[in-house]
Structure formats: structure tokens, C-alpha cells
Amino acid sequence: MPTLKFRDDRPTLIGVVHLPPLPGSIRYGGLDISTIVDFAVRNARVLDEAGFDAVILENYNDYPFRVRVREAETIASMAIIAREVVRSVNIPVGINLLRNSGPEAAAIAAVTGASFIRSNAYCEAVVSVEGLIEPVAREVLEVMTRLNTKITVLADIFVKHASPLHRMTIEDVARDCVERALADALVITGPRTGEPPDPLLLRRVVKAMNAKVLVGSGINPNNIGDYREAHGFIVGTYLKDEEGQIDLAKARNMVNAVKALTKP
16 MPTLKFRDDR PTLIGVVHLP PLPGSIRYGG LDISTIVDFA VRNARVLDEA
66 GFDAVILENY NDYPFRVRVR EAETIASMAI IAREVVRSVN IPVGINLLRN
116 SGPEAAAIAA VTGASFIRSN AYCEAVVSVE GLIEPVAREV LEVMTRLNTK
166 ITVLADIFVK HASPLHRMTI EDVARDCVER ALADALVITG PRTGEPPDPL
216 LLRRVVKAMN AKVLVGSGIN PNNIGDYREA HGFIVGTYLK DEEGQIDLAK
266 ARNMVNAVKA LTKP
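Spelled out as C-alpha cells, the structure:
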């Protein structure tokens, strides 16, 4: 199965498929799992066709979230969906199991052929509407050890919809996340879904770290030029039409915007 690799010629572009409410979530309305699988496969194929470098599956509509998913049916559903998407596209597939179920996401990735995860609080404690969210780096790495596999970890720092429970600078958190928690790449976000981060934060982290840094919220073709220093972008909200499906024209516009940032 293809693994996530960062490009040398331009920033890496990852598209997000925001899944309908999954079985086990409060907002699950009884939608048949095969219908959810079809939704995920169809939208992932749009990203593949448009030229995205990878796709990440996210249980975006399972809010209100638990800090960690405990419902077996939710985890099982995500595994089924991930496996079918992996079989249906030619680009790497990732898992983000909200709110901070990084170990569960790593296990799903390992057994389905997905190659990376995103963890909202991988290496720092934060407080959010879901409550206190504790870091999961050790547990994620234990999953990889037990399953004798390597899953790429994209770790948020100063994550959206939350506030850090520390007085560390973003540079210090970034260093600890890579050097002590062994994250493969870092993700910078704005305060909320669909809102971009302060470009200065991105520049500070890129300057401080010898590591890949992605922008994980609020990016669109009109503002992407403000984030030229990024090694990659995770894009979800911009791509959707009024029905929550990924629009091929928007996806192609996003790819073209990233290509315009090609390194000389």
C-alpha cells in the first residue's frame, strides 16, 4: 500500500473526507454502513482524480465527541471504511479518529493498509469542550510496537478548538513533540475548523524545527500564498459542496494553487 511521503518539488496536499455520523456516535441516524462506505470511497476517488497526494478519513460528524472513542461499533465502522478506501484509491490513506483516539486510529491504520494518522493532542495536554485531553504519544507507539509496523504520525500542536494547559512556547512544544514524542510531522491550525492559523506561528515553527510542518485548517486557493513556508496542507472545509460532498472543481482548484507554490 502507498505510504505518505512529503514532496520535494512542492508542498504535499492532503484532502479530508468528513464522514457522516458513524454507528456508536450520538448523531448516528441508522445509515447503513455500506452507504457510508460508498460515500467515503466516492469522495476519496474525487481527491485521487484531482491530483491530491493523500486522503485522510475523519469522523467529523460524530460530535459531541468523547476524548477517546470507546464504542466498539465506531472503531469497527472506521476500520471497514478505511479498508475499502485503501482498496479504491492509488494515494495514501490516513485516519483521524476524533477527538484524540490516536492509538485506536493507529490500530485501524495498521490492519487496513492505511499509512498515517493525525492526532489532535499527541504530545501536550489541552482543555476543550470535550474536557481535559491528555497526550497519547506513548500509547500510539506501543500500538506500532505490538503490531510490528510503522504508521506516520501527524501531530497537532496548539490545536484548534482547545487551549494548552501549559506556558510553553509553540517552539518548545514542537521540539518536545518531535524529539521526545517522536512525531513524524507537525500540524498548525487556526482557532476553529475552517479558520486559518496566524502565518507567523507557521514561520516560527518552521524556523525552529528540522521537521515537516503542515497547515491543518482554513486553507483555500485565495490565502495559500500566505503559507509558502509550509511543507504541506490538510484541506477539508473548502472542498465541500452544500451537501457535504467533495466538489471536483474545487479540488482541482486547490491542486493548481499548491502547484503554483512549486519550488524553483
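Sequential numbering from 16 applies to the sequence shown in the numbering used here. Cβ coordinates follow ideal geometry from the N, Cα and C atoms, glycine included. Since the model is a prediction, treat every value here as computed from it, not as a measurement.
Its chain contains Ala125 as the residues whose beta carbon lies nearer than 6 Å to that of Leu162, once the 5 sequence neighbours on both sides are disregarded; these appear in chain order. The C-alpha of Thr167 is placed about 18 Å away from the C-alpha of Met224.
If you look at Ser116, you'll find it isn't in any alpha helix (DSSP H); DSSP assigns it neither H nor E. In the same chain as Glu99, and ignoring 5 residues on each side of it, the C-beta atoms closer than 8 Å to its own belong to Val52, Ala55 and Val56, in chain order. Within its own chain, the residues whose Cβ lies closer than 7 Å to the Cβ of Ala245, once the five positions on either side in sequence are excluded, are Pro26, Leu217, Val228, Leu229 and Val230, listed in chain order. Under DSSP, the beta-bridge partners assigned to Leu28 are Phe248. For Asp191, no beta strand (DSSP E) encloses it; the enclosing alpha helix (DSSP H) starts and ends at Ile185 to Glu194. The C-beta distance from Ala69 to Ile29 rounds to 5 Å, short enough to fall under 8 Å. In this structure, the straight-line span from the alpha carbon of Arg267 to that of Glu257 is close to 17 Å. When DSSP states are grouped into helix, strand and coil, Val82 belongs to the coil group. Excluding five sequence positions before and after Leu263, the CB atoms of its chain that fall closer than 8 Å to its own CB belong to Val61, Glu64 and Ala65, given in chain order. Assigned with DSSP and collapsed to three states, Thr127 falls in helix.
Glu99 sits in a helix when the DSSP states are folded into three classes.
With contacts defined as CB atoms closer than 8 Å, Ser134 and Arg83 fail to qualify as a contacting pair.
Here DSSP, grouped into helix, strand and coil, assigns Val158 to helix.
Per DSSP, the continuous beta strand (DSSP E) segment holding Leu169 begins and ends at Thr167 to Asp171.
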